[in-house]
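Take the sequence shown: its position 263, counted from the start at 1, is 382 in the working numbering, and no numbers get skipped. The beta-carbon is built from N, C-alpha and C at its ideal position, and this holds for glycine as well. Have a look at the structure below, then the notes.
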Amino acid sequence: MTPTGTPRPATPLLVSTPADLRAATTALLDGARSRRGAAGRPTLGLVPTMGGLHEGHATLARTARRASDVVVVSIFVNPLQFGDQADLDRYPRTLDADLGLLGACGVDVVFAPSVEDMYPGGEPLVRVSAGRAGEVLEGASRPGHFDGMLTVVAKLLNLGLPGTDADYGAYFGEKDAQQLALIRRMVLDLDVPVRIEGVPIVRDTDGLALSSRNRFLDAEERSAALVLSRVLGSLRARAERGEPLDLAGARAEIDAREGVDLDYLEVVDASTFTPRAHPAPGDDAAVGPALAVVAARVGAVRLIDNAVLPAVG
Ligand code: PAF
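Shown next, in the form of structure tokens:
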């Protein structure tokens, strides 16, 4: 159901060109405006994805559905944000299953452009720069990733802009915390007319944060990967008790887990991604809203996760 109570079709409309996307959303928004009458402007929710969808994406789509008259999900595996051709090639492409899942979430339109539809001029010469906050942590391990990600997100936000008077929101998962912070900053710095909504991480019952890459973990790797959410949970519990975080101990716990190759475990400011705590014993208690962020390679799979640390003291 939409906010105005209209039932939804089970299969989303699949479009691949920007012109078809604009025509579809304009017609749907005009219909929503008539139904709303005096009840205010219609709302459009956009959920950018790369496909390979799972329950985390379904949560994004359902969140957008509850808040919007018209919901668009984009599915585009963006070559610009992959440093490694092998990683790009093996990214899951599961359009039929994705459409089924999105239909069940009541999504109206799926925008699944080809590379040529998205980049008609070929590889873009002009890109969005993520700046300093894009060079640390994920940015340090994946040079150019955030510039490529922001470039496609800027394009998707522009392509999704309602062609008629409407409220416009875009939904992103909090698991990709640095990505979300950079998107918020881009929208602020470049005056992109959209509201950015962060949606909490969805975890499996064993604590593993859902990711399209989890399907590449075998049973042993999956069990090893649980050290990441466990360590984040311990850091959170320490912060709640006002204890020093002992990041060095937390890193050692991850390092000790066979099959897990830690890239980083840090506590950072959730919006700037600058360090918030130092690993030296005694001076590393959390002092305000902060985010513990972790990345590790488990087998061939790179995983990231994070936890908000409550303010103490
Ligand atoms: O998080 C993702 O799936 C991608 O980085 C995004 C935001 C869809 C851009 O390609």
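Review point. So residue 265 is in the alpha helix (DSSP H); what residue range does that whole segment cover?
Key: Taking the sequence shown and counting its residues from 1, one reaches residue 265 at position 146. Residue 265 -> alpha helix (DSSP H) spans 264-279.
Check your understanding: Okay, do the segment 286-300 and the segment 206-213 touch, 3+ Cβ pairs below 8 Å being the bar?
Key -> no
**Study point:** Any non-hydrogen atom of ligand 1 within 7 Å of residue 335 CB
**Key:** Taking the first residue of the sequence shown as position 1, residue 335 is located at position 216. Answer for residue 335: no, Cβ out of range of ligand 1.
**Study point:** Beta-carbon separation (whole angstroms), residue 292 vs residue 314, contact threshold 8 Å
**Key:** Along the sequence shown, one-based indexing puts residue 292 at 173. Along the sequence shown, one-based indexing puts residue 314 at 195. Between residue 314 and residue 292 the Cβ distance is about 16 Å, and since that is not below 8 Å, they are no contact.
Check your understanding: If you pair each beta-carbon of the segment 136-143 with each one of the segment 274-286, do three or more pairs fall below 8 Å?
Key -> yes
Check your understanding: Going by DSSP, which residues form a beta bridge with residue 383?
Key -> Residue 383 sits at position 264 when you count from the first residue of the sequence shown. According to DSSP, which records beta bridges pairwise, residue 383 is partnered with 414.
Exercise for review: Return the chain-ordered ranges of every alpha helix (DSSP H) run that is complete within the segment 122-202 and spans a minimum of 4 residues.
Suggested key: 137-155 and 174-186
Practice item. Verify the contact flag: residue 295, CB atom, against every heavy atom of ligand 1, threshold strictly below 7 Å. Key: For the purposes of this step, residue 295 is identified with residue 176 of the sequence shown, where counting begins at 1. Yes, the beta carbon of residue 295 sits closer than 7 Å to at least one heavy atom of ligand 1.
Check your understanding: Below 8 Å, can you find three or more Cβ-Cβ pairs linking the segment 187-203 to the segment 159-171?
Key -> Yes, the segment 187-203 is in contact with the segment 159-171.
Review point. Just how far apart, CA to CA, sit residue 387 and residue 134?
Key: Position 268 of the sequence shown holds residue 387. Position 15 of the sequence shown holds residue 134. For residue 387 and residue 134, the distance between alpha carbons rounds to 39 Å.
Exercise for review: Report the option in 350, 173 and 183 whose CA atom is closest to the CA atom of residue 368.
Suggested key: As a first step, residue 368 must be located in the sequence shown, where it is residue number 249. Among 350, 173 and 183, the Cα nearest to that of residue 368 belongs to 350.
Practice item. Taking only heavy atoms of ligand 1 into account, decide whether any of them is closer than 7 Å to the Cβ of residue 291. Key: Along the sequence shown, one-based indexing puts residue 291 at 172. Checking the Cβ of residue 291 against ligand 1 gives yes.
Practice item. Please say whether residue 290 and residue 183 have beta carbons closer to each other than 8 Å? Key: Position 64 of the sequence shown, counting from 1, holds the residue named residue 183. Position 171 of the sequence shown, counting from 1, holds the residue named residue 290. Contact flag set, yes.
**Study point:** residue 316 - DSSP class collapsed to helix/strand/coil
**Key:** Here residue 316 refers to the residue found at position 197 when the sequence shown is read from its first residue. Residue state, collapsed to three classes: strand.
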